[in-house]
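Participant: Before anything else, here's the structure in question.
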Amino acid sequence: MGFFDSLKKKVLKVDDQQLLIEAMLCVAFADGDDQWEETNLVRAFANTLPELKNADAYEVYEKAEKAVKLHGALNRVKELANLSTEALRHKAFLLAMDIALSSGEIDDGEEAVLGAMAETMKIPPELAERIASVLMIKYAT
């Protein structure tokens, strides 16, 4: 095992700001595709988050994007358990589901990522259903 292999195995220390963006990017990249529309939506959502009010949103986004692309969406979902509060875990799940539903339907990759998120972040099923119901109203045509 080489020097860089040992570095890759270390657990990355990330903060709540980056993890909130990673939650959205995990869903956006769930299909393995980096779509311009989805990444722009993630950036737009990030600009509205009070957690990023005094942060360099561009820098935080770039770190989050690099982590998700390097390790893969499903692997990065595990890190979301490190969000510091239950409220932030709920918010991350809501933001991720919002990104998933923004395209009109949730594909298999997005569904797998959302399921892993719900399990990792201990999102109660009734809360997940409530979030989905509200967001489906938002995106109904």
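Mapping the sequence shown onto our numbering, position 20 (from 1) lands on 1233, and the numbers just tick up by one. Quick reminder that beta carbons are idealized off the backbone N, C-alpha and C, glycines included.
1. The alpha helix (DSSP H) with E1235 in it runs from where to where?
2. Of the choices A1305, Y1352, E1318 and G1317, whose alpha-carbon is the least far from that of E1332?
3. Taking the C-alpha atoms as reference points, what is the distance between Q1248 and L1254?
4. Nearest to E1339 by CA position, among G1317, R1256 and H1303, is which residue?
5. Give a yes or no on whether the minimum CB-CB distance between A1345 and chain C is below 8 Å.
6. Does DSSP classify L1225 as helix, strand or coil?
7. Starting from I1350, trace the alpha helix (DSSP H) both ways and give me its first and last residue.
8. Helix, strand or coil for I1319 per DSSP?
9. I'd like the list of long-range same chain contacts for A1270, defined as Cβ closer than 7 Å, with 5 residues on each side in sequence excluded.
10. Does the distance from the CB of A1329 to the CB of L1287 come in under 8 Å?
11. Taking the alpha-carbon positions, what's the K1276 to E1299 distance?
Facilitator: Checking against the coordinates, here is how it stands:
1. In the sequence shown, residue 1235 corresponds to position 22, counting from 1. Taken as a continuous stretch (DSSP letters only), the alpha helix (DSSP H) holding E1235 covers D1229 to A1241.
2. As a first step, residue 1332 must be located in the sequence shown, where it is residue number 119. Looking at the Cα atoms, A1305 is the closest of the given residues.
3. Position 35 of the sequence shown, counting from 1, holds the residue named residue 1248. Position 41 of the sequence shown, counting from 1, holds the residue named residue 1254. Those two C-alpha atoms are separated by around 10 Å.
4. Indexing the sequence shown from 1 puts residue 1339 at position 126. Taking the Cα of E1339 as reference, the smallest distance to any Cα among G1317, R1256 and H1303 is reached at H1303.
5. Absence of chain C from the displayed structure is noted, only one protein chain being present.
6. As a position in the sequence shown, residue 1225 is number 12, starting the count at 1. Because the pLDDT of L1225 is 37, which lies under 50, any placement of that residue in the model is unreliable, and the number read from its coordinates should be weighed accordingly. In this structure, L1225 counts as coil in the three-state DSSP scheme.
7. On the sequence shown, residue 1350 is found 137 positions in, with the first residue counted as 1. Element bounds for I1350: P1338 to Y1352.
8. For the purposes of this step, residue 1319 is identified with residue 106 of the sequence shown, where counting begins at 1. In this structure, I1319 counts as coil in the three-state DSSP scheme.
9. As a working note, residue 1270 is residue 57 in the sequence shown. A1259 and N1260, listed in sequence order.
10. As a working mapping, residue 1329 is identified with position 116 in the sequence shown. As a working mapping, residue 1287 is identified with position 74 in the sequence shown. Closer than 8 Å, so yes.
11. The count along the sequence shown starts at 1 and reaches residue 1276 at position 63. The count along the sequence shown starts at 1 and reaches residue 1299 at position 86. Rounded to whole angstroms, K1276 to E1299 spans 23 Å at the Cα level.
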